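Participant: First the structure, then my questions, so here it is.
There are 2 protein chains.
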Amino acid sequence: MTRRHQQIADELRELITSGHYPVGAALPSEPELARTHGVARGTVRQAVGALISEGLIGSRQGARSVVLSSTPSQSFSELLSFSQWARANGRDPGGSVISSLRGRATPEEASQLLLTEGDEVLRILRLRTLSGAPVLLERTCYAGWMADAVERVPDDCESVTQRLHDDVGLVFAHGEHRIDALAAGTLEARHLEVRRGSPLLRLCRTTTSPEGRPVETGDDRYRPGSVSFTVRNSALTNPMSRNTGRH
Amino acid sequence: MTRRHQQIADELRELITSGHYPVGAALPSEPELARTHGVARGTVRQAVGALISEGLIGSRQGARSVVLSSTPSQSFSELLSFSQWARANGRDPGGSVISSLRGRATPEEASQLLLTEGDEVLRILRLRTLSGAPVLLERTCYAGWMADAVERVPDDCESVTQRLHDDVGLVFAHGEHRIDALAAGTLEARHLEVRRGSPLLRLCRTTTSPEGRPVETGDDRYRPGSVSFTVRNSALTNPMSRNTGRH
DNA sequence: GAGTGGTCTAGACCACAAT
DNA sequence: TTGTGGTCTAGACCACTCG
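If you're matching them up, the sequences are chains A and B in order. The numbering of the first sequence is the working numbering, which starts it at 2 and goes up by one. The numbering of the second sequence is the working numbering, which starts it at 2 and goes up by one.
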């Protein structure tokens, strides 16, 4: 069952990405869209709101909405799953588990996962590749209550996210990501095949379930040049923030 | 004139950041909020929607909304203006113009600013400091039609953004930001007081006016450790995307 | 002044979660 | 089964932009 507002959003998105409404062009008015689609204006506004939060269009009171970008944005699951992202971009993802160890949560891990210090966690270190070339060294710390499910995932499983979804119905719904840069250490140098001290892009993440329960936290270190991240902002919906060095 | 939905959003935000509704807690139901505030449910949903897009709460059909994070997010102007951001965080921003030159747009600049190759642009290189310590080397390319206004801004002006707003009524409304890492070159090493080849965090940005007209593009290179960026995502509103190395 | 998007109301039905 | 959020309608008024 597809929602009415989603159909309209999809249609407008298609018209934008296909170039029918190029960057800088004005969209039809909301009353007009409502008429042509046979819906109430509120439904049109839901669709328009979706495109605004994707950064595709901008709107101001009194003037028609304007196309800001014609690049479609990714789905949340593509952002979270390295494999899904790679496949969607026509790349060939690979990877291997370097280590998998149970341990006790550090204070920082405990605070990220809403646990108490010393609770059991599962730490996994993975190397990710694109077309065989190393791209990303990924450290993940899973909350203890899902350690069993994660350990049942085979080491050579391409998409852990997909596997957890299929096996135990676990889905990721929210994420918080912090991005900075740091120098490669000995471990990163060896696995990512770069020189020690060379620049890496680091993404620290914490992911939670639909109920708001933290599921995993970790940090991903990317070999530069292979991957970048983009964010679209506007005065109304501003998802990104800048932080000082003290975390 | 403050809008009703914004008052409600502010109130809920305050209750969340103050800890009255801690992370993991459930909010009152929408009908209840509508009753207690004496408004229609639609108005409450506007307020709730704002908190969702800020990543403060998450919602699912059938269950009450849940607090995901108690950290308030920044305003858009704080993200765009180095000085405003620094002041809001209790730091002491400074800076100086290293060079300011008019030139002709490169193909890349032209495409970012919706100009044609060879159109006039103004390029400015600035060093930004916090408490006197160098933090950021900022390259900005302004579209020619606003070069005069920018050149009238004194070199030692603390906030260019603020000055442009006050002088010519120019406001920034949308931004696109790409983040990656790279090694410091000779220029960055000298001004940021780091070793050549050491890691830097790079943010490439393009900013547009409320009408959707591109105003400036540029790239900011941060000394690592001093600054990081965070993004909150969810399955519905997903502002961040991961990109391959080909820009 | 005509048209636009922003705000708000007062209903209604549905799909889903919790119990 | 009860209550919740998600969707949708059919109006209305206002602040604003634009020609």
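Glycine included, C-beta positions come from ideal geometry on N, C-alpha and C. The model shown is predicted, which means the values in this text are computed figures rather than measured ones.
Beta carbon of B:Val228, beta carbon of B:Pro240: below 8 Å?
Facilitator: The answer is no: Cβ separation not under 8 Å.
Participant: Applying a beta-carbon distance threshold of less than 8 Å, which residues of chain A neighbour B:Gly75?
Facilitator: A small fix is needed here, since residue 75 of chain B is Gln in this sequence, not Gly. Under the 8 Å cutoff, chain A gives Asn239, Ser242 and Arg243.
Participant: Name, please, each residue of chain A whose Cβ falls closer than 7 Å to the Cβ of B:Pro200.
Facilitator: Those within 7 Å of B:Pro200 in chain A are Ala182, Leu183, Ala184, Pro200 and Leu201.
Participant: Where DSSP assigns a beta bridge to B:Arg140, which residues make up the other side?
Facilitator: Answer is B:Leu126 and B:Asp220.
Participant: By the criterion of Cβ-Cβ separation under 8 Å, what are the contact partners of B:Val24 in chain A?
Facilitator: Correct list: Leu115 and Gly213.
Participant: Does any residue of chain B bring its CB to less than 8 Å from the CB of A:His6?
Facilitator: No, because no Cβ of chain B sits closer than 8 Å to the Cβ of A:His6.
Participant: The alpha helix (DSSP H) spanning A:Pro32 covers which residue range?
Facilitator: Segment Glu31 to His38, the alpha helix (DSSP H) holding A:Pro32.
Participant: Given that A:Gly59 touches chain B, what residues does it touch there, using C-beta distances under 9 Å?
Facilitator: The answer, in chain order, is Ala174, His175, Thr209, Pro211, Glu212 and Gly213.
Participant: Tell whether a beta-carbon distance below 8 Å holds between B:Leu193 and A:Asp181.
Facilitator: Cβ distance not < 8 Å, so B:Leu193 and A:Asp181 don't count as in contact.
Participant: Which bits of chain B does A:Trp86 rub up against, with CB to CB less than 8 Å?
Facilitator: Neighbours of A:Trp86 on chain B, chain order: Arg243.
Participant: Mind pulling the chain A residues with CB within less than 9 Å of B:His38?
Facilitator: The premise fails here: B:His38 is roughly 20 Å from chain A at the closest Cβ pair, so nothing lies under 9 Å.
Participant: Of all the CB atoms in chain A, is at least one closer than 8 Å to the CB of B:Gly236?
Facilitator: A small fix is needed here, since residue 236 of chain B is Ala in this sequence, not Gly. Answer yes: the Cβ-Cβ gap between B:Ala236 and chain A drops below 8 Å somewhere.
Participant: Only counting the same chain, and skipping five residues up and downstream in sequence, which positions put a Cβ closer than 6 Å to that of B:Arg105?
Facilitator: Answer for B:Arg105: Gly119, listed in chain order.
Participant: Take every Cβ of the segment 136 to 144 of chain B, pair it with every Cβ of the segment 217 to 225 of chain B, and state whether three or more of those distances are shorter than 8 Å.
Facilitator: Enough Cβ pairs lie closer than 8 Å, so yes.
Participant: In the DSSP assignment, find the beta strand (DSSP E) that holds A:His21 and state where it starts and stops.
Facilitator: Unbroken run through A:His21: none, as it is neither H nor E.
Participant: Closest to B:Pro23 by CA distance: which of B:Glu189, B:Gly213, B:Val67 and B:Thr162 is it?
Facilitator: If we check each option's Cα against that of B:Pro23, B:Val67 comes out closest.
Participant: For B:Ser54, go through chain A and note every residue whose CB falls closer than 9 Å to its CB, in chain order.
Facilitator: Ser54, Leu237, Thr238, Asn239 and Pro240, listed in chain order.
Participant: Does DSSP put A:Val195 in a helix, a strand or coil?
Facilitator: A:Val195 falls in the coil class under three-state DSSP.
Participant: To the nearest angstrom, report how far apart A:Phe230 and A:Ala111 are at their CA atoms.
Facilitator: If I take the Cα positions, the gap works out to 27 Å.
Participant: Which word fits A:Leu81, buried or exposed, when buried means at least 16 other C-beta atoms lie within 10 angstroms of its C-beta?
Facilitator: A:Leu81 comes out buried.
Participant: With DSSP as the reference, identify every bridge partner of A:Ser101, one or two as the case may be.
Facilitator: For A:Ser101, which the question treats as bridged, DSSP gives the partners A:Ile125.
Participant: Is the beta carbon of A:Leu126 closer than 8 Å to that of A:Ser100?
Facilitator: Yes.
Participant: Give the straight-line distance between the Cα atoms of B:Gly226 and A:Glu109, rounded to the nearest whole angstrom.
Facilitator: If you take the alpha carbons of B:Gly226 and A:Glu109, they lie about 18 Å apart.
Participant: Nearest-angstrom Cα distance between B:Ser76 and B:Ala89?
Facilitator: For B:Ser76 and B:Ala89, the distance between alpha carbons rounds to 10 Å.
Participant: Using the beta-carbon count (16 or more within 10 Å), is B:Ser235 buried or exposed?
Facilitator: Counting Cβ neighbours within 10 Å, B:Ser235 comes out buried, since at least 16 surround it.
Participant: On the three-state DSSP scale, how would you describe B:Arg61?
Facilitator: DSSP places B:Arg61 in strand when its eight states are reduced to three.
Participant: Roughly how many angstroms lie between the CA atoms of A:Gln7 and A:Val45, to the nearest whole one?
Facilitator: Rounded to whole angstroms, A:Gln7 to A:Val45 spans 9 Å at the Cα level.
Participant: Could you round the C-beta distance between A:Leu204 and A:His178 to whole angstroms and report it? I think they count as a contact, below 8 Å.
Facilitator: Contact holds; Cβ gap of about 6 Å.
Participant: Determine which residues share a DSSP beta bridge with A:Met241 and list them.
Facilitator: Beta-bridge pairing links A:Met241 to B:Val232.
Participant: Helix or strand or just coil, what does DSSP make of A:Ser82?
Facilitator: Three-state result, A:Ser82: coil.
Participant: Counting C-beta neighbours from all protein chains within 10 Å, is the total for A:Arg206 16 or more, i.e. buried, or is it exposed?
Facilitator: By the neighbour-count rule (16 or more Cβ atoms within 10 Å), A:Arg206 is buried.
Participant: Taking 8 Å as the threshold (C-beta atoms), are B:Ser199 and A:Ala184 in contact?
Facilitator: Cβ atoms of A:Ala184 and B:Ser199: closer than 8 Å.
Participant: Under the three-state reduction of DSSP, which class applies to B:Asp181: helix, strand or coil?
Facilitator: B:Asp181: strand per DSSP, three-state reduction.
Participant: Does any CB atom of chain B fall closer than 8 Å to the CB of A:Leu69?
Facilitator: Closer than 8 Å to some Cβ of chain B, the Cβ of A:Leu69 qualifies, so yes.
Participant: I'd like to check one pair, B:Ile17 with B:Leu57: are the Cβ atoms closer than 8 Å?
Facilitator: Yes, they are a contact pair.
Participant: Can you tell me the Cα-Cα spacing of B:Gln85 and B:Ser160, whole angstroms?
Facilitator: Going by the C-alpha atoms only, they are around 7 Å apart.
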